[in-house]
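Listed in order, the protein sequences are those of chains L and F. Position 182 (the first sequence) corresponds to 182 in UniProt numbering; numbering is contiguous. Position 218 (the second sequence) corresponds to 218 in UniProt numbering; numbering is contiguous. No residue lacks a Cβ here, since even glycine has one placed at the ideal position from N, Cα and C.
Protein chains: 2
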Amino acid sequence: MAKSALPAYEQVKAWTRRHIASGKWKPGDTVPSEAALMQQFGVSRMTVNRALRELANEGLVTRVQGSGTRVAQLHRISSRLSIRDIHEEVVERGHEHTTRVLRAASEPAGEEVAQSLGLKASDAVFHTVMVHMENGVPIQYEDRYVNPAAAPAYLATDFTQTSPTLHLLQHAPLTEASYSIEACLPTAQEARALAIKRTEPCLAMMRRTVSGAHVASIARLVYPGTRYSFAGQFQA
Amino acid sequence: MAKSALPAYEQVKAWTRRHIASGKWKPGDTVPSEAALMQQFGVSRMTVNRALRELANEGLVTRVQGSGTRVAQLHRISSRLSIRDIHEEVVERGHEHTTRVLRAASEPAGEEVAQSLGLKASDAVFHTVMVHMENGVPIQYEDRYVNPAAAPAYLATDFTQTSPTLHLLQHAPLTEASYSIEACLPTAQEARALAIKRTEPCLAMMRRTVSGAHVASIARLVYPGTRYSFAGQFQA
DNA sequence: GAGTGGTCTAGACCACAGA
DNA sequence: CTGTGGTCTAGACCACTCT
């Protein structure tokens, strides 16, 4: 009986998780089959199935049809790295977010940008450069190219009120994105805009977003190393 | 009939996803109820329920009991950043992984380390420092403190055969981890070990792992900026 | 062929929101 | 009160693995 405040499938999940976390079952070990767990918990197969399926989604176990359920190799710890709208992030910390727009114009794409956006070099693209500030301190330099086909009204946005990310999310529904994070030294212009020395290391995030059939935008976001870090956590 | 290669719940998911991605349904809009989708697709409620529940898990819709299902505010884009064992990662690229151990000893924790590991400053901890190389090129400097209570045999490991991460995963089952990524300049020792200039920016990852009741390990991993980047992607 | 998971159904009872 | 989602059951058929 116990206190069954939790749904049955959660109880099965918790029980399984405990065995894995305690080391009683090691990676590669077989987890009791659905039939066995049905008996043990006195629940239907759908319930056990849901429990194990969700654990598999979370990466704790591996399931192979016809073979069985095993404790996953936990080598790849993974956690959600959230990429958030900078405005929202700053405001959530209870701070003031302001923006200084350095450039907002339509210009020919050029070879490199055209290739990333899937356009011709002579096609026009929107190019914005701005600095985001938290309580007046520069925390992000944003250099962004936007595909006019994906967000025709982009340049008309008042970027002191709305961030580019927000405008794009609202007007070019996101279907796909990729990013990479590197360490780099700022260019002269970036250093000037962020008010840092050219020798101060920075985190640079390159982001590329796809909306339906178009590559919507490519952006390079530069964060001063001493003022920003990406963090995350993970729980079994 | 169409080609129903996909399971029914996947078809419901795909149909719903398309409406959201295309912008036909905007954030906040109501998604058809389970009953409505049952009719439309001619499937049982459990099937529709699974489809919508999974979309909710993925963050695409929000469900409120008694109220309904709505398109989620898509502000929080997130993706899984995987933190993997360096050895596995190098080998998977088809390259050779070697290690140069600079230090492997038991020593008093000291204030700062003791605090992170939940020990006293005079308690002994295991301290290892090593450089990981991919085809002979240094790619990671690893400075790690290990809680002896969590992995008593740590120092006996042959680190030229097994990585610290792997040993810990096998002997101190992981229950929790947190990390942060920063940009920094290498210390003199790090620069020397990695064979880079002191002015070359690096990515530094601080990682803390918990195993059961113990903080198992804290590590600082330094990657030369020009030789490494973190990347990820996600799809709606 | 026996055992496993993947999917699906047609019901059911409940908790909750909103009129 | 009606409509919604949250959970659960006792079956079922299938595809797959392993021996």
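C-beta atoms of residue i and residue j nearer than 9 angstroms
{"i": "T98(L)", "j": "M133(L)", "result": "yes"}
{"i": "F41(L)", "j": "V12(L)", "result": "yes"}
{"i": "V71(L)", "j": "W15(L)", "result": "no"}
{"i": "T162(L)", "j": "H87(L)", "result": "yes"}
{"i": "E107(F)", "j": "A124(F)", "result": "yes"}
{"i": "R50(F)", "j": "R63(F)", "result": "no"}
{"i": "H167(L)", "j": "T160(L)", "result": "no"}
{"i": "S180(F)", "j": "A231(L)", "result": "yes"}
{"i": "V31(L)", "j": "G68(L)", "result": "yes"}
Proximal chain F residues relative to residue i, where beta-carbon distance stays under 8 angstroms
{"i": "I181(L)", "result": "I181, L203, S229, F230 and A231"}
{"i": "S22(L)", "result": "P173 and G212"}
Cα-Cα separation between residue i and residue j, rounded to whole angstroms
{"i": "E10(F)", "j": "A193(F)", "result": "51 angstroms"}
{"i": "L221(F)", "j": "E182(L)", "result": "14 angstroms"}
{"i": "I20(L)", "j": "D29(F)", "result": "41 angstroms"}
{"i": "E96(L)", "j": "V101(F)", "result": "47 angstroms"}
{"i": "E176(F)", "j": "M205(F)", "result": "16 angstroms"}
{"i": "C202(L)", "j": "G225(F)", "result": "10 angstroms"}
{"i": "L174(L)", "j": "S211(L)", "result": "5 angstroms"}
{"i": "V48(F)", "j": "A56(L)", "result": "21 angstroms"}
{"i": "E200(F)", "j": "V137(F)", "result": "16 angstroms"}
{"i": "A8(L)", "j": "R227(L)", "result": "46 angstroms"}
{"i": "E34(F)", "j": "M38(L)", "result": "27 angstroms"}
{"i": "A114(F)", "j": "H127(F)", "result": "12 angstroms"}
{"i": "Y223(F)", "j": "R93(L)", "result": "30 angstroms"}
{"i": "Y154(L)", "j": "P164(L)", "result": "8 angstroms"}
{"i": "L169(F)", "j": "R84(F)", "result": "11 angstroms"}
{"i": "K3(F)", "j": "E58(F)", "result": "Its pLDDT being 39, under 50, K3(F) is placed unreliably in this model, and the value from its coordinates should be taken loosely. Taking the straight line joining both Cα atoms gives about 26 angstroms."}
{"i": "S116(F)", "j": "A109(F)", "result": "10 angstroms"}
{"i": "Q65(F)", "j": "A36(F)", "result": "16 angstroms"}
{"i": "S178(F)", "j": "R207(F)", "result": "6 angstroms"}
{"i": "E111(L)", "j": "A151(L)", "result": "21 angstroms"}
{"i": "M1(F)", "j": "R17(F)", "result": "Here M1(F) scores only 36 on pLDDT, less than 50, and its place in the model should not be relied on; the value that follows carries that caveat. Taking the straight line from one Cα to the other gives about 21 angstroms."}
{"i": "C184(F)", "j": "P27(F)", "result": "39 angstroms"}
{"i": "L6(L)", "j": "L6(F)", "result": "32 angstroms"}
{"i": "A172(F)", "j": "Q73(L)", "result": "13 angstroms"}
{"i": "V129(F)", "j": "S229(L)", "result": "24 angstroms"}
{"i": "L119(F)", "j": "A105(F)", "result": "17 angstroms"}
{"i": "V90(L)", "j": "Q140(F)", "result": "32 angstroms"}
{"i": "R198(L)", "j": "V131(F)", "result": "28 angstroms"}
{"i": "A195(L)", "j": "A195(F)", "result": "30 angstroms"}
{"i": "E142(L)", "j": "E142(F)", "result": "32 angstroms"}
{"i": "R103(L)", "j": "R103(F)", "result": "51 angstroms"}
{"i": "N135(F)", "j": "N135(L)", "result": "46 angstroms"}
Proximal residues of chain L, C-beta to C-beta of residue i below 8 angstroms
{"i": "G225(F)", "result": "E182, A183, C184 and P201"}
Opening and closing residue of the alpha helix (DSSP H) in which residue i lies
{"i": "V43(F)", "result": "First-last for V43(F): undefined, no H or E at that position."}
{"i": "R18(L)", "result": "A8 to A21"}
{"i": "residue 255(F)", "result": "Because chain F is modelled from 1 through 236, residue 255(F) falls outside the range shown and cannot be assessed."}
{"i": "S116(L)", "result": "E111 to L117"}
Residue i beta carbon near the ligand ATP (any heavy atom closer than 8 angstroms)
{"i": "I86(F)", "result": "Within the structure as shown, the ligand ATP is missing, as the structure has no ligands at all."}
Start and end residues, beta strand (DSSP E) containing residue i
{"i": "L221(F)", "result": "H214 to P224"}
{"i": "A72(F)", "result": "Looking at the DSSP string, A72(F) is not in any beta strand (DSSP E), and its letter there is neither H nor E."}
{"i": "T165(F)", "result": "That residue, T165(F), is in no beta strand (DSSP E); its alpha helix (DSSP H) goes P164 to H171."}
{"i": "Q140(F)", "result": "V137 to V146"}
{"i": "E176(L)", "result": "E176 to C184"}
{"i": "H127(F)", "result": "A124 to E134"}
{"i": "H95(F)", "result": "Premise fails: H95(F) is in no beta strand (DSSP E) and is neither H nor E."}
{"i": "T209(F)", "result": "C202 to S211"}
{"i": "T62(F)", "result": "V61 to V64"}
Three or more C-beta pairs closer than 8 angstroms, one from the stretch 180–195 of chain F and one from the stretch 146–166 of chain L: is that the case here?
no
Please determine if the stretch 211–219 of chain F and the stretch 212–221 of chain L are in contact, where contact requires at least 3 C-beta pairs separated by less than 8 angstroms.
no
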